[in-house]
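Undergrad: In the UniProt record's numbering, the protein residues as written are 1 to 441.
Below is one structure. I have some questions about it.
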C-alpha cells in the first residue's frame, strides 16, 4: 500500500491507476477532511501519483539560485552561499535536515556527498546502486532490506543530471512479508507567463507484494489495515514550496527528497533557481540497527569506515577510477524487482564475468570511462547527434571498450577506435585516442 498525505492539494483522477494533484493554494478544513478520506480509500489501488507544484523556494542567493525555505543566504568571503541554520545540516540548496540523521546527497552534474561527507562524481548514463541496507530489530522480530538506485541522463552540453531514483524494500515482520518498489522522476517547465517554473513530480509503483505464512490465502498487492507492515510502506507526499517529491518509510526512519531536472530544450539545468538533486536520510536510531557486514554501502560509504579516497589508495588507483569500479561492481540488484536496461545490463554483467579479476577491471577503468566523462567528447557527442543516437552510441562504445580491454582483443580495440569517430561524428576521447591497441595482443 502506498499512502498519500495532502493538506493543500486537490486531486484529479486521470485514470484508475493515477492520482494527479495540483498544489497551489490552501483549501478549507472541510475540504481537507473530505480529501483525506478520498485519498485513503484510493491508496491501495493507486499505481502512479502525479503532483504539479510551482513553489518559489526560499531566498535568492547568487546570480541564479535560491535556497531551500529552511535555509539562509550568507556572504562568505565575497561569495553568496546558501547555509543551513546551526540546528540543521545538509545541502541548503535542496533541503536542511536534523544533525543526528545520516544523509547521502546527489546534486547537479551529479555530485554525491556520502555518509562519510565525501564528494564523488557520478558520471555514468547507466543505473547505479547508491546503497543496500540490512536492518534488524530482534525485539520486533523484524528484518528489513532497503536498496536505492539512481540513474542519470546526459543532457546537451555534456552534463549529467539525476533523473530517476528507485527505492526497493523487502520486510520480514514475524510471519508477515512485504516487498515494495517505487520509482521517482519528474520535469521542470517554464510557466506560461514566463515569470516562474512549474514542476511535475511523479511516483510510480513498480511492485507491491504482501503475504502471511500463517495464512495460505493472504498473498495480495494490498497490505491489510490491521497489519504492522503498514508502518513500513512508502508514504508519498509533495513539498509545494521547495518543489520536492518526498518519500518516507516511518517504521525505518527513512526519508527521500527528490527534485528533478528539466528535460526540455529551453532550460539550462545549471541555472535553474532551485537546484536539481536528491537526498536519502535515515535517522540515527535506525542507523544503529543496520548490520554492517550484510549491507553494501558502495558509493554511500559507511560513516565510521574508510573514505573512498582511502579505499582507492589501497588499490593504487585514483578516486574517479575507484568510483567507476564501485558503480559497475555493485550494480546488480539484491532485491529483484527492477527490469535492467539491456545494454547497461550487459555492461554490468560483462564487467563481473569477463573482466574476471580486480586487476583487469581496474586496468580497463583507467581508459574506458573517458567515454562517459571526457567533457570535450560529451559536448560534441550531444551537439552533433540526436538524443536517441548519442544515448545508444555512448553505451555501446563503452561496452566495446570494456570487452576489448578485458579480453585483450587488439582487433576489436582497433575496430572500436575506427568506428567511434564515424558514428559519433566526434574526435575520440583523449584516453581512447592514446590507447595502444597493439599492446593488447
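The beta carbon of each residue, even a glycine, is placed where N, CA and C say it ideally should be.
If we define contact as Cβ-Cβ less than 9 Å, is residue 330 a contact residue for chain C?
TA: Note that chain C does not occur in the displayed structure, where there is just one protein chain.
Undergrad: Determine, using beta-carbon pairs with one atom in the segment 284 to 300 and one in the segment 114 to 127, whether at least three such pairs fall under 8 Å.
TA: yes
Undergrad: Go through its chain and collect everything with a Cβ distance to residue 393's Cβ below 6 Å, but skip five positions before and after it.
TA: Here the set comprises 423, 424.
Undergrad: Do the CB positions of residue 181 and residue 252 come within less than 9 Å of each other?
TA: no
Undergrad: What does the alpha-carbon distance come out to for the pair residue 51 and residue 231?
TA: Here the alpha carbon of residue 51 sits roughly 23 Å from the alpha carbon of residue 231.
Undergrad: Suppose only complete runs of 4+ residues qualify. What are the alpha helix (DSSP H) ranges in the segment 363 to 421, listed by chain order?
TA: 370 to 373, 375 to 384, 387 to 406
Undergrad: Who are the near neighbours of residue 385 in its chain, counting only those whose CB is closer than 8 Å to its CB and skipping five residues on each side?
TA: 393, 424, 425
Undergrad: Might you give, ordered along the chain, the residues of its own chain that have their beta carbon closer than 7 Å to the beta carbon of residue 174, omitting 5 neighbours on each side?
TA: Answer for residue 174: 141, listed in chain order.
Undergrad: Whole angstroms is fine: what's the gap from residue 379's alpha carbon to residue 365's?
TA: So the two alpha carbons sit approximately 21 Å from each other.
Undergrad: Taking 9 Å as the cut-off, decide whether the C-beta atoms of residue 274 and residue 259 are in contact.
TA: Taking 9 Å as the cut-off, the beta carbon of residue 274 is found closer than this to the beta carbon of residue 259.
Undergrad: DSSP three-state call for residue 98: helix, strand or coil?
TA: strand
Undergrad: So residue 308 and residue 322 are supposed to be a Cβ contact under 8 Å. How far apart are they, rounded?
TA: 6 Å
Undergrad: Which residue wins for smallest C-alpha separation from residue 304, given the options 102, 234, 360?
TA: 102
Undergrad: Taking residue 203 as part of the alpha helix (DSSP H), name the residues at either end of that continuous run.
TA: Note, residue 203: premise wrong, no alpha helix (DSSP H); beta strand (DSSP E) at 197 to 212.
Undergrad: Can you check whether the CB of residue 306 is closer than 9 Å to the CB of residue 314?
TA: yes
Undergrad: Which whole-angstrom value describes the C-beta separation of residue 123 and residue 160, a residue pair presumed to lie in contact below a C-beta threshold of 8 Å?
TA: Sure, about 6 Å apart at Cβ, within 8 Å.
Undergrad: Looking only at C-alpha atoms, which of 340, 413, 263, 234 sits nearest to residue 254?
TA: 234
Undergrad: Does the segment 123 to 134 come close enough to the segment 145 to 160 that 3 or more CB-CB pairs lie under 8 Å?
TA: Yes, they touch.
Undergrad: What does a CB cutoff of less than 6 Å around residue 281 pick up in its chain, not counting 5 residues either side in sequence?
TA: 97, 101, 103, 255
Undergrad: Classify residue 164 as buried or exposed, calling it buried when 16 or more other Cβ atoms lie within 10 Å of its own Cβ.
TA: buried
Undergrad: If you run the structure through DSSP and keep just helix, strand and coil, what is residue 435?
TA: Coil.
Undergrad: What does residue 105 pair with, by DSSP beta-bridge criteria?
TA: 113, 279
Undergrad: Residues bridged to residue 136 by DSSP?
TA: 143
Undergrad: Taking Cβ to Cβ, would you say residue 266 is nearer than 9 Å to residue 105?
TA: no
Undergrad: Of the choices 186, 147, 184, whose alpha-carbon is the least far from that of residue 168?
TA: 147
Undergrad: From residue 396 to residue 88, what does the alpha carbon distance come to, in whole angstroms?
TA: Approximately 44 Å, taken between the alpha carbons.
Undergrad: Using the DSSP secondary-structure output, state which residues sit across from residue 248 in a beta bridge.
TA: 235, 255
Undergrad: Whose C-alpha, out of 381, 360, 368, is nearest the C-alpha of residue 406?
TA: 360
Undergrad: Which residue spans inside the segment 305 to 352 form an unbroken alpha helix (DSSP H) run of at least 4?
TA: Runs of the alpha helix (DSSP H) inside the segment 305 to 352: 308 to 314, 319 to 329.
Undergrad: Shortest alpha-carbon distance to residue 99 belongs to which of 201, 128, 283?
TA: 283
Undergrad: Indicate the three-state DSSP secondary structure (helix, strand or coil) for residue 92 in the structure shown.
TA: coil
Undergrad: Quick check: does the Cβ of residue 388 come within less than 8 Å of any heavy atom belonging to the ligand MG?
TA: Ligands displayed in this structure: none; no statement on the ligand MG is therefore possible.
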